[in-house]
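Sequence lines, in order, name chains L and Y. Every position in the first sequence, counted from 1, becomes a number in our numbering once 58 is added. Every position in the second sequence, counted from 1, becomes a number in our numbering once 176 is added. This report concerns only the one structure given below.
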Amino acid sequence: MSAATPWTVAGIQEALRAKKISAREIATEFYADIARQNPTLNSYLALSRERAFAQADRVDVATACGEKLGPLAGVPIAVKDVISTAGVRTTCGSKILETYVPPYDATAVARLEKAGAVILGKTNCDEFAMGSSNENSAYGPVRNPVALDRVPGGSSGGSAAAVAAGLAVAALGTDTGGSIRQPGACCGIPALMPTYGRVSRYGLIAFASSLDRIGPFATNIADAAAIMSVIAGRDESDATSAPVPAADYASGLEQPVQGMRIGVPEEYFAEGIDSEVKEKVLAGIALLESLGCRRVSLKMPHTEYAIATYYIIATAEASSNLARYDGVRYGLRVPGATLIEMYRKTRERGFGAEVKRRLMLGTYALSSGYYDAYYLRAQKVRALIARDFSEAFEKVDAIVAPTTPTPAFKLGEKTSDPLQMYLADIYTVTGSLAGIPGISIPCGKTKQKLPIGMQILGPHFSEAGILQLARAFEKAGGFTI
Amino acid sequence: MTISREDVLRVAELAHLELTPQEADLYRGQLDEILNYIGKLQQLDVTNVEPMTKMAFANVVSSTSPGAAPHESDFDLREDLLKPCNIADAVLDQAPDAAKPFFRVPKVIDR
């Protein structure tokens, strides 16, 4: 594969139908590239060759027999290591699950394979998706393929780096406070966080259940839409998945965006933003205006409380969800004289520093005497943040803002200061708390050639609309503005 | 708001974490800084604000068109039907110490 003509979903479908290449040959090409680049990037933690080639062969047999191919036939896809894959080791980037092999597939993975996709392997991430730089993985950090001395963002850093480096056509990530959009921005590729409940979480190993979402990374908007069309939709195994048929997200992509009202919240351009990020995102907004969008200035007064709110709610939910890792049913067990001692020793050895920090913060926020001051108050502020958005969407069709305050930072730059790391999520946690969808798309580069991300947020279940805006932006050259 | 070393150790106990003395000191400082930052939530007046306890879509209108937002009443529970799943063996295969059909753990009951 040459960098000038990367594979796309449509390109693969066309090549397979024309019998120019087989699905097995495509998978072989990708594995060769992974063998070359992964020792440097560390984006994959496990490769699922056997499963991938079996699937590629099924696609090739179907092609030979003239059968109708699935919409993602032969498309090599990487899956973040917090998403369960039957028979393929799934560690969540943690030592506590170092040996865990799930007995079942997540619904999103099963749907991808049913559509013909070839799952190449599992991608590195911050431990239990807790982090903004991928440096919290127990299996080493991922390097940003655009600048090897920088982080790829997190927590879905391996998925973003794999796609940006051409080691997968697309990837699944998960977003709890920005973990899809932020690494998408850092690595310079489109990255979509769907509405809460749009994609089934069945088989997604839980971090914060009221926030977790699965969504795609791709190199272009059409591919992101094609994957969304496959993974979205009601799933009986996830009671929080929305009972609404998924749209065909690809069909409306080319519709004009003239007349769409785009909101620009002033709080997202206030102090703390890098001047080059600000300049490029404002240029991006001007480009959307030149396509006929109408710009509306917004005030979203509760934005500054989002990080504090998020780090109470997410850690509280995590302290409950991660109680299951105790050495009894799966993963690591460190022996102890009593049951409690076994729990403690197992968790002490199995969890990394950031996970422990968050479990303590969440436990503290839920503990007797502090519940009202922290958790209950955070839930109330969450309602205010959600209200900022619902009021905004009475005036606008979408909100446009930077994805991150700065471009990708250097490896090691923020590891000693957890609070500074948390503040990297300042523009993404708001949409997470409100449950709305958002996409980060490339919006030019800094003078140092570091990618800048612009996010488009929309009302609940407006994925089709934000993809349409993203596509118009892509078509108008916005990605390299 | 400041968190004491004793608070840190108490929380670690509640979370079933066994901290080294160095970890306890490190986390005390870091949690203190984070809690101070989080303290900004106390500035807001949240009187009469209902807590957001779940993802609700009450503010959006029900529609049958594809991609449109569902109404909260659409989130009905499925029928409670028995479905055999036969996964006990596959699950126990992942256990660090299984004595099928049980998980084996250190003795919990003295008698």
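Every residue gets a Cβ at the ideal spot worked out from N, C-alpha and C, and that includes glycine.
query = How many whole angstroms separate the CB atoms of residue 410 (chain L) and residue 185 (chain L), which I take to be in contact at a CB cut-off of 8 Å?
reply = 5 Å
Any C-beta of chain L under 8 Å from that of residue 214 (chain Y) = It does: the Cβ of residue 214 (chain Y) has a partner Cβ on chain L nearer than 8 Å.
request  = With a threshold of 16 other CB atoms inside 10 Å of the CB of residue 470 (chain L), please say whether the residue is buried or exposed.
outcome  = Counting Cβ neighbours within 10 Å, residue 470 (chain L) comes out exposed, since fewer than 16 surround it.
query = Hey, which unbroken runs of the alpha helix (DSSP H) at 4 residues or more fall wholly within the segment 443–519 of chain L?
reply = 476–480, 487–492
ask   = Can you name the residues of chain L whose CB is closer than 7 Å to the CB of residue 276 (chain Y)?
value = Those do not exist, as residue 276 (chain Y) stays about 13 Å from chain L at its closest Cβ, beyond 7 Å.
query = Using the rule of at least 16 other Cβ atoms within 10 Å of the residue's Cβ for burial, across every protein chain shown, is residue 48 (chain L) buried or exposed?
reply = Nothing can be reported for residue 48 (chain L), as the shown portion of chain L is limited to 59 through 539.
request  = Would you check if there are 3 or more beta carbon pairs closer than 8 Å linking the segment 115–129 of chain L to the segment 146–155 of chain L?
outcome  = no
query = What does residue 278 (chain L) pair with, by DSSP beta-bridge criteria?
reply = Answer by DSSP bridge pairing: none, since residue 278 (chain L) is not bridged.
ask   = Using DSSP with H/G/I as helix, E/B as strand and the rest coil, what is residue 202 (chain L)?
value = strand
message = Do residue 290 (chain L) and residue 248 (chain L) count as a contact pair if the criterion is CB distance below 8 Å?
response = no
query = Residue ranges of each alpha helix (DSSP H) run of no fewer than 4 residues wholly in the segment 307–381 of chain L, ordered along the chain?
reply = Counting only runs that start and end inside the segment 307–381 of chain L, the alpha helix (DSSP H) elements of at least 4 residues fall at 333–348, 364–379.
request  = Could you tell me which chain Y residues have their CB closer than 9 Å to the CB of residue 370 (chain L), listed as they occur along the chain?
outcome  = 214, 217
When L:392, L:338, L:303, L:171 are compared against residue 511 (chain L), the one with the closest alpha-carbon = L:338
Min CB distance residue 397 (chain L) to chain Y below 8 Å = yes
key: Stretch pair the segment 355–373 of chain L + the segment 520–528 of chain L: three plus CB contacts closer than 8 Å   = no
key: Under 8 Å from the C-beta of residue 273 (chain Y): neighbouring residues of chain L   = 391
request  = Using a Cβ cut-off of 9 Å, pull out every chain A residue sitting near residue 230 (chain Y), in sequence order please.
outcome  = This model lacks chain A altogether; the protein chains it does include are L and Y.
query = Thinking C-alpha only, which one of L:155, L:106, L:79 is nearest residue 382 (chain L)?
reply = The closest CA to that of residue 382 (chain L), considering only L:155, L:106, L:79, is found on L:155.
key: Beta-carbon separation (whole angstroms), residue 342 (chain L) vs residue 123 (chain L), contact threshold 8 Å   = Not quite, the Cβ-Cβ distance comes to about 47 Å (not below 8 Å), so this is no contact.
ask   = What does a CB cutoff of less than 6 Å around residue 106 (chain L) pick up in its chain, not counting 5 residues either side in sequence?
value = 146, 177, 179
query = By the 10 Å Cβ neighbour count, where 16 or more other Cβ atoms means buried, how is residue 75 (chain L) classified, buried or exposed?
reply = When all chains shown are included, residue 75 (chain L) counts as exposed.
query = Applying the criterion that 16 or more other CB atoms from any shown protein chain within 10 Å of the CB defines a buried residue, is residue 96 (chain L) buried or exposed?
reply = By the beta-carbon neighbour count (other beta carbons within 10 angstroms, threshold 16), residue 96 (chain L) is buried.
inquiry  = Is residue 90 (chain L) a contact residue of the ligand ADP, with contact defined as CB to any heavy atom under 7 Å?
reply    = In the structure shown, the ligand ADP is absent, as is every other ligand, since no ligand is present at all.
query = Could you give the distance in angstroms between the alpha-carbon of residue 331 (chain L) and the alpha-carbon of residue 385 (chain L)?
reply = 44 Å
Buried or exposed by the 16-neighbour rule on C-beta atoms within 10 Å, applied to residue 285 (chain Y) = exposed
ask   = Taking the C-alpha atoms as reference points, what is the distance between residue 246 (chain L) and residue 277 (chain Y)?
value = If you draw a straight line from the Cα of residue 246 (chain L) to the Cα of residue 277 (chain Y), it comes to about 50 Å.
key: Same chain, Cβ closer than 8 Å to residue 412 (chain L), neighbours up to 5 away in sequence not counted   = 184, 185, 188, 189, 194, 476
Under 7 Å from the C-beta of residue 209 (chain Y): neighbouring residues of chain L = Those within 7 Å of residue 209 (chain Y) in chain L are 477.
inquiry  = 8 Å is my cut-off, CB to CB: does residue 188 (chain Y) come that close to chain L?
reply    = yes
query = Going along the chain, which residues of the segment 376–390 of chain L sit with their C-beta nearer than 8 Å to a C-beta in chain Y?
reply = 377, 381, 384, 385, 386, 387, 388, 389, 390
message = So if I threshold CB-CB distances at 7 Å, which residues from the segment 401–418 of chain L count as touching chain Y?
response = Among the residues of the segment 401–418 of chain L, those with a Cβ less than 7 Å away from any Cβ of chain Y are 401, 402, 403, 405, 406, 414, 415, 417, 418, in the order of the chain.
key: 6 Å CB neighbourhood of residue 250 (chain L) in its chain, flanking five on each side removed   = 273, 274, 282, 497
query = Can you tell me whether DSSP reads residue 141 (chain L) as helix, strand or coil?
reply = Residue 141 (chain L): strand per DSSP, three-state reduction.
request  = My understanding is that residue 345 (chain L) touches residue 321 (chain L), with C-beta atoms under 8 Å, so please give their C-beta distance in whole angstroms.
outcome  = That pair is no contact at about 16 Å.
query = Can you tell me the Cα-Cα spacing of residue 301 (chain L) and residue 316 (chain L), whole angstroms?
reply = 31 Å
key: Exposed unless 16 or more other CB atoms sit within 10 angstroms - verdict on residue 365 (chain L)   = Residue 365 (chain L) is buried by the Cβ-count criterion.
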